[in-house]
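Before any comments, here is the structure.
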Amino acid sequence: MAAAASLLPPLCALLLAPLLVGVINRTKAIIAGRRGPPLLQPYRDVHKALRRGAVYGDVTSWVFAAGPVINLACVVSVLFVMPLGGITAPVAFTGDLVVLVGLLALGRFATVLAALDTGSSFEGMGASREVHFAVLAEPALLLALAALARTGGAMSLSAIYAALTPALWLALLPNLALVAMTLLVLELVENSRIPIDDPTTHLELTMIHEVMVLDHSGPDFAFIQYGAAVKLWLIGSLLVGLVVPVRGAWWLCLPAMLAGMAALGLVIGMIESAMARYRLIKVPQFIVGAATLSAVALIGALA
Amino acid sequence: MTGGMTGAMTGLPALLNAVQVVGLLSCFALLGTSRIGACIRWLSFQGVVFGLVPLILHDDGLGAREALLAAANVALKGVVFPMLLLRIRARADFSREVDPFVGYIASILFGVVALGLSVWLALAMKPALARASFALLETSIFLILVGLFLIVGRKKALMQVVGYLVLENGIFLFGLITVEGTPLLVELGVLLDAFVGVFVMGIAIFHINREFGSMDVDRLTALRG
Chain A
402 MAAAASLLPP LCALLLAPLL VGVINRTKAI IAGRRGPPLL QPYRDVHKAL RRGAVYGDVT
462 SWVFAAGPVI NLACVVSVLF VMPLGGITAP VAFTGDLVVL VGLLALGRFA TVLAALDTGS
522 SFEGMGASRE VHFAVLAEPA LLLALAALAR TGGAMSLSAI YAALTPALWL ALLPNLALVA
582 MTLLVLELVE NSRIPIDDPT THLELTMIHE VMVLDHSGPD FAFIQYGAAV KLWLIGSLLV
642 GLVVPVRGAW WLCLPAMLAG MAALGLVIGM IESAMARYRL IKVPQFIVGA ATLSAVALIG
702 ALA
Chain B
127 MTGGMTGAMT GLPALLNAVQ VVGLLSCFAL LGTSRIGACI RWLSFQGVVF GLVPLILHDD
187 GLGAREALLA AANVALKGVV FPMLLLRIRA RADFSREVDP FVGYIASILF GVVALGLSVW
247 LALAMKPALA RASFALLETS IFLILVGLFL IVGRKKALMQ VVGYLVLENG IFLFGLITVE
307 GTPLLVELGV LLDAFVGVFV MGIAIFHINR EFGSMDVDRL TALRG
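The listed protein sequences derive, respectively, from chains A and B.
This note's numbering puts the first residue of the first sequence at 402, with every later residue one more than the last.
This note's numbering puts the first residue of the second sequence at 127, with every later residue one more than the last.
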């Protein structure tokens, strides 16, 4: 039974990730006074894109076609080391948290290469911004995970999240709260959400992620959309697993975690409704500040 | 590898841990904020937090001495100094920006390095100061480093007063946890010195501002004969 339950985290992510995007969009629409798209709209978008044919520019090479596939493959592979709160992941080994960071970086690398391969200066600009922020966001993620590893006393994501009990929260409230704040910022940064980038804009000069994927079409674009949803779920579950310290049998954890993810969708929707996008120069400061929170938590846990 | 879970972190250590984290964050806020007014408010917040430490630290024998010390600290560093500084800022007609020599991101990165350094120093000092709370020892060294950095890293004379007061907070905290049985008179004397210091600096800034039309300490090079 335990082995079967460990399949739940990747399964939930694969099935429910687009729903999380739907929840965010719906929240934003309701706050703005509109009815908004149906919750299942992201699934329909992916489905629609999948049925279409892909168009490739004459100047692009295989790198362009490989980008979305590699990105999706990376993000989906990470799901297999990512626990869902107290439910352990199917694969767990010492140091798998580095695998998580590494695979996410590889996926980003593939996307950036694909964007550069188009030869369009517009996409090159997006790629440049993406890696500019990634340089700051990846150390922040590693610092946050290191702080969690230190407080949880383990080096594997499943073991770390199993150790994050309410008792530990009571004992190390300030440290864990700091890490949670970093993870919330990272959820926004890594997925290009509002204070960093606006996911709804399509042809403005201040965008990051949407710029890079402008030239993709058909199934490739479906992969990108689905991959982005899964990544949103992935980093979100890092945060929710920390903030919702319900541990025990899987039928106890699962509803708590799913409720937590829904709440995360609401929170992101509210943040996006309440905040404006930062000026581009402000963004690095924002990310470095978030990384600092984790550094403080880590040093607090070391001492 | 269960270092983070050391001991049952209940009551006192957890409270000290909270003070440490809040103190560290206020320092990072000071390093990363671009507005002088916000810096002064963070300084006031810091003054209140560290002013209350005497009450936490001696929870077994809480007497009039601790109460008086805490009250004097909170009143001076939390209320009087910030009000004085805000008044100077309101009087002088200059831009509200901090004007750093060292950029904000670089300052925050300096903070992280300084934090590592202070942990290392605190670890080295720990054998000699067995009774001192490690969290506060580390925090006090960090405060001293950040205070010094703010003094050299910011152009506006007002920010140098802020740096001086952060430094003062650090020294106060360090004395509090390492030296036992300091006479109350000495502690209050130190506070009085800080008060006079801030007062004199306020007057100096006022004159600098009137003479040069700005608080940039850079302008003082014009005084060379």
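C-beta: ideal position from N, C-alpha, C; glycine also.
Taking DSSP as the reference, what is the three-state secondary structure of residue i?
i	result
K429/A	helix
I231/B	helix
P540/A	helix
E588/A	helix
R452/A	helix
D518/A	helix
L573/A	coil
R213/B	helix
D459/A	coil
L485/A	strand
R345/B	helix
R530/A	helix
R648/A	coil
R360/A	Nothing can be reported for residue 360/A: it is not among the residues displayed for chain A, which extend from 402 to 704.
R359/A	Residue coverage of chain A in this structure runs from 402 to 704, which leaves residue 359/A outside it and unanswerable.
R509/A	helix
R399/B	Since the first residue shown for chain B is 127 and the last is 351, residue 399/B is missing from the structure and cannot be characterised.
R257/B	coil
For the alpha helix (DSSP H) that contains residue i, what are its first and last residues?
i	result
P685/A	683 to 703
F268/B	260 to 279
F180/B	With the sequence shown as reference, residue 180/B is identified as Pro, and Phe is not the correct amino acid for it. Run containing P180/B: 179 to 183, per the alpha helix (DSSP H) assignment.
T304/B	283 to 304
F338/B	310 to 338
Y562/A	558 to 564
M662/A	651 to 675
G434/A	Looking at the DSSP string, G434/A is not in any alpha helix (DSSP H), and its letter there is neither H nor E.
P491/A	Looking at the DSSP string, P491/A is not in any alpha helix (DSSP H), and its letter there is neither H nor E.
D616/A	No alpha helix (DSSP H) holds D616/A; DSSP gives it neither H nor E.
P226/B	Per DSSP, P226/B belongs to no alpha helix (DSSP H) and is neither H nor E.
R191/B	190 to 199
V147/B	138 to 158
Please report the straight-line C-alpha distance between residue i and residue j, rounded to a whole angstrom.
i	j	result
V305/B	A256/B	12 Å
Y679/A	P491/A	39 Å
T265/B	L415/A	45 Å
I432/A	S674/A	7 Å
A404/A	A232/B	48 Å
V482/A	L587/A	19 Å
W555/A	T495/A	Residue identity differs from the one stated: residue 555/A is Ala in this sequence, not Trp. Those two C-alpha atoms are separated by around 8 Å.
P540/A	H333/B	46 Å
S522/A	D621/A	21 Å
V513/A	L420/A	26 Å
V175/B	A702/A	21 Å
L249/B	A155/B	25 Å
G637/A	V147/B	25 Å
M285/B	V697/A	24 Å
L543/A	A218/B	45 Å
D344/B	L317/B	30 Å
M131/B	L569/A	Annotation note: pLDDT 38 at M131/B (below 50); position unreliable, coordinate value reported separately. When rounded, the distance between both Cα atoms is 8 Å.
G690/A	V238/B	10 Å
Just to confirm my understanding: we take residue i, look at its own chain, exclude 5 residues before and 5 after, and list those with CB closer than 7 Å. What are they?
i	result
F268/B	L150, C153, A240, L241, S244
L247/B	I267
P596/A	L589, M676, R678, Y679, F687
R222/B	R161, I162, G163
G666/A	L421, V424, I425, T428
H617/A	P469, I625
T489/A	S407, S559, A563
L640/A	A581, L584, L585, E588, L665
A258/B	I303, T304
A629/A	N592
R551/A	L699, A702, L703
Apart from the five residues just before and just after residue i, which ones in its own chain have a Cβ nearer than 6 Å to its Cβ?
i	result
V477/A	none
L573/A	T552
L504/A	C475, S478, V479
G173/B	K203, G204
D342/B	K281
In chain order, what residues of the same chain lie with their CB nearer than 8 Å to the CB of residue i, ignoring the 5 residues before and after it?
i	result
A533/A	Just to set this straight, residue 533/A is His in the shown sequence, not Ala. The answer, listed in chain order, is P685.
Could you list the residues in the region 668 to 700 of chain A with a C-beta less than 9 Å from some C-beta on chain B, going in chain order?
Legend: CB atoms of the region 668 to 700 of chain A lying less than 9 Å from CB atoms of chain B belong to residues P685, Q686, V689, G690, A692, T693, L694, A696, V697, A698, I700.
Chain A contacts made by the region 139 to 171 of chain B, where a contact means CB separation under 8 Å
Correct list: A140, N143, A144, Q146, V147, V148, L150, L151, F154, G158.
Contact residues within the region 503 to 531 of chain A, judged by C-beta distance below 9 Å to chain B:
The region 503 to 531 of chain A vs chain B, Cβ under 9 Å: nothing.
Select from the region 561 to 593 of chain A all residues with a C-beta closer than 9 Å to any C-beta belonging to chain B, and list them in chain order.
Identification of residues in the region 561 to 593 of chain A having a C-beta nearer than 9 Å to some C-beta of chain B yields A564, L569, L571, A572, L573, L574, P575, N576, A578, L579, given in sequence order.
Of the residues that make up the region 530 to 555 of chain A, which ones have a beta carbon closer than 7 Å to any beta carbon in chain B?
Within the region 530 to 555 of chain A, the residues whose Cβ lies closer than 7 Å to some Cβ of chain B are R551, T552, G554, listed in chain order.
The region 234 to 248 of chain B: positions lying closer than 8 Å to chain A by Cβ
Using a CB distance below 8 Å, the part of the region 234 to 248 of chain B facing chain A consists of I234, L235, G237, V238, L241, G242, V245, A248, ordered along the chain.
When Cβ atoms are compared, which residues of the region 634 to 647 of chain A fall closer than 8 Å to chain B?
Here the close residues number zero.
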